[in-house]
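Using the numbering used here, read the sequence shown as starting at 54 and increasing by one per residue.
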Amino acid sequence: MQIGGIQQWVTIEGQDCRNPVVLIVHGGPGNPNTPFAHRLFGSWTRDFTIVQWDQRGSGKTTRQASLPTASR
């Protein structure tokens, strides 16, 4: 999914799309839940739709390719 000009990784798991959505946002840059998500939240998929977002620079989402520079 494209957010802020960067391709970002979002996963969606659940057994019924009518269930309430739980958005999982990890603790900070460089500390994604992706490798542990199914073990941590897998049992929730019966009752919820789990949406996990790897923030910029974490997990499978990359950092911005280059920062804008000021010209003189």
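Built from N, CA and C at the ideal position, the CB exists for glycine as well. From a predicted model like this one, the values you see are computed outputs, not experimental measurements.
Using beta-carbon positions only, say whether residue i and residue j come within less than 8 angstroms of one another.
i: W106; j: Q55; result: no
i: F89; j: I103; result: no
i: Q68; j: R92; result: no
i: W127; j: V75; result: The structure shown has nothing for residue 127, since the chain only spans 54 to 125.
In three-state terms, what does DSSP make of residue i?
i: W62; result: coil
i: T114; result: coil
Rounded to the nearest angstrom, what separates residue i and residue j at their Cα positions?
i: R116; j: C70; result: 31 angstroms
i: R109; j: T64; result: 14 angstroms
i: V78; j: N72; result: 19 angstroms
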